[in-house]
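In what follows, a single structure is set out as structure tokens and then discussed.
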Amino acid sequence: MPAPDSPSPLYRPAFLHFLSARIGASLAFQIVSVAVGWQIYALSGSALDLGLIGLAQFLPMAALTLVVGHVADRYDRRKIVALCMAVETLATLVLAIAALHGFGGKPLIYATLILMSSARAFESPTLSTLIPAVVPREWLPRATALSSSAGQIAQIAGPALGGIGYGLGAGWIYCVAAALYLCGFASIASMSIDRAPPRKEPTTWRTLFAGITFIFQRRLLLGTLSLDLFAVLLGGATALLPIFAKDILNAGPWALGALRGAPACGAMLMSLTLARLSLGEHVGRLLFGALILFGLATTVFGLSTSIPLSIGALVVLGATDAISVVVRSSLVQLNTPDHMLGRVSAVNTLFVGASNQLGEFESGVMAALFGAVPAVVIGGVGTIAVAGLWMRWFPELRKLKSLHGESAPA
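Numbering (our numbering), first residue to last: 12 to 421.
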């Protein structure tokens, strides 16, 4: 058994509290996502309505980004996360009560999603800034990979629980999600961290936009975040999974759970690998290679009419996306001072949210216009095109050797 001072974040009690909170909240979020997607599609049968779920999740994040980062850098980050999880618990209970008693319909679901997304807009970037507070900075890549693994475990189990549990009734599965949010709240509320008192900078336009300014002044960060934004924005097919499960693969909620969990399965395996191994000396090449493979896997999924092939393509998609997640998160944490980390992480979360939630809206609109299969195939090809353009526009990112910003010689 390694000594307590072994370079493993798992021997830090505060980091274990962090992982427990992340797993609980991520499980709940995945369950709610699957249940809401199936419930909305059952109510309307509309691809556009599925896309509106992503829009309802993205708009609060976009509107609150500047405020979120400023709050995270001025106040106790642990208390911010705990408060957000408490709000998510109550909102999920509203969904449960509405489903059990049969009232509200689509308007209530969308309104509750907006409330939950507002809380998540504060929770997600603030939670990520707690990692440097509970492990030494030299452990950040490994801790980030472990954190990503925890999130992926939740993304595997959450969709499965949501898909299977939905068969028992939407109200009951929402109750399970609320209980998991409550567990996450208890874990984060009982976590102790050592952190210097935050700087209380006066609130000005300069401090509000400091995170955006910081990123635009550093081409490595700008290139990495924008690459992930546009690649996943085009290549995301998550919003259309209910259509593929029901209409193309001719299966039920269990298939939706399997499809939702497949990317997380691949991502978890890759994240666990990265937690034990280094990324090597050619981080930039690895990043671009992973994104090209992400686009190819997306295209294969869009063309597949076989459940095993579809699941396999999504596993590859998740594994390649995990590489991008670890590289992006590690670059942000290793190249940002602590007093700026909240604002920079908020912008990072906005980019991630735009690629995921706004990508779901884009997928819904494209599917409504051209059909689900063409929408996914076009997105996969677009991801490959974006990777090619970014290799040309950001040569320093392509030549990147280490996560500390060192580039290979020309």
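Think of the CB as a built atom: it goes at the ideal place given N, C-alpha and C, for glycine as much as any other residue.
Note that the structure is a prediction, hence the values are computed from the model and not measured.
Report buried or exposed for Leu-179, applying the criterion of at least 16 other Cβ atoms within 10 angstroms of its Cβ.
Mapped onto the sequence shown, residue 179 falls at position 168. By the neighbour-count rule (16 or more Cβ atoms within 10 Å), Leu-179 is not buried but exposed.
Starting from Leu-283, follow its DSSP beta bridges and name the residues at the other end.
For the purposes of this step, residue 283 is taken as the residue at position 272 of the sequence shown. Paired residues: none, contrary to the question.
Starting from Thr-394, trace the alpha helix (DSSP H) both ways and give me its first and last residue.
Locating residue 394 in the sequence shown gives position 383, where the first residue counts as 1. Run containing Thr-394: 383-404, per the alpha helix (DSSP H) assignment.
Tell me which residue opens and which closes the alpha helix (DSSP H) that Pro-118 is part of.
Locating residue 118 in the sequence shown gives position 107, where the first residue counts as 1. Taken as a continuous stretch (DSSP letters only), the alpha helix (DSSP H) holding Pro-118 covers 116-140.
Could you check which residue in Phe-255, Pro-385 and Leu-141 has the C-alpha nearest to that of Leu-245?
In the sequence shown, the residue the question calls residue 245 occupies position 234. Nearest C-alpha to Leu-245: Pro-385.
Nearest by alpha-carbon distance to Val-79: which of Ser-335, Ala-379, Ala-221 and Val-338 is it?
Looking up residue 79 in the sequence shown gives position 68. The residue with the shortest Cα to Cα distance from Val-79 is Ala-221.
Residues bridged to Leu-106 by DSSP?
Reading the sequence shown from its first residue, position 95 is the one you call residue 106. Its beta-bridge partners do not exist; DSSP assigns none.
List, from N- to C-terminal side, the alpha helix (DSSP H) runs of 4 residues or more that fit wholly inside the stretch 68-102.
none
Between Ala-398 and Phe-114, what straight-line distance do the alpha-carbon atoms span, to the nearest angstrom?
On the sequence shown, residue 398 is found 387 positions in, with the first residue counted as 1. On the sequence shown, residue 114 is found 103 positions in, with the first residue counted as 1. About 46 Å.
Along the alpha helix (DSSP H) that carries Gln-228, what are the first and last residues, could you check?
To locate residue 228, count along the sequence shown from 1; it is residue 217. No alpha helix (DSSP H) contains Gln-228, which DSSP labels as neither H nor E.
May I have a chain-ordered list of the beta strand (DSSP E) segments no shorter than 3 residues that lie completely inside the stretch 307-375?
none
Between Thr-331 and Leu-304, which are expected to be in contact by the criterion C-beta below 8 Å, what is the C-beta distance as a whole number of angstroms?
Residue 331 sits at position 320 when you count from the first residue of the sequence shown. Residue 304 sits at position 293 when you count from the first residue of the sequence shown. Right, the Cβ-Cβ distance comes to about 5 Å (below 8 Å), so this counts as a contact.
Around the C-beta of His-28, are 16 or more other C-beta atoms found within 10 angstroms, so that it is buried, or is it exposed?
As a first step, residue 28 is located in the sequence shown; it is residue number 17 there, counting from the start. Burial call: buried.
Using a Cβ-Cβ cut-off of 7 Å (strictly less than) and excluding sequence neighbours within five positions of Thr-100, which residues of its own chain qualify?
Your numbering for residue 100 matches position 89 in the sequence shown. Once the five neighbours on either side are set aside, the close Cβ partners of Thr-100 are Ala-189, Tyr-192, Leu-193 and Phe-196.
I'd like to know if the stretch 67-81 and the stretch 129-137 are in contact, where contact means that at least 3 CB-CB pairs between them fall below 8 Å.
Judged by Cβ distances under 8 Å, the stretch 67-81 makes contact with the stretch 129-137, as three or more pairs qualify.
Helix, strand or coil for Ala-273, going by three-state DSSP, please let me know.
For the purposes of this step, residue 273 is identified with residue 262 of the sequence shown, where counting begins at 1. Correct three-state label for Ala-273: helix.
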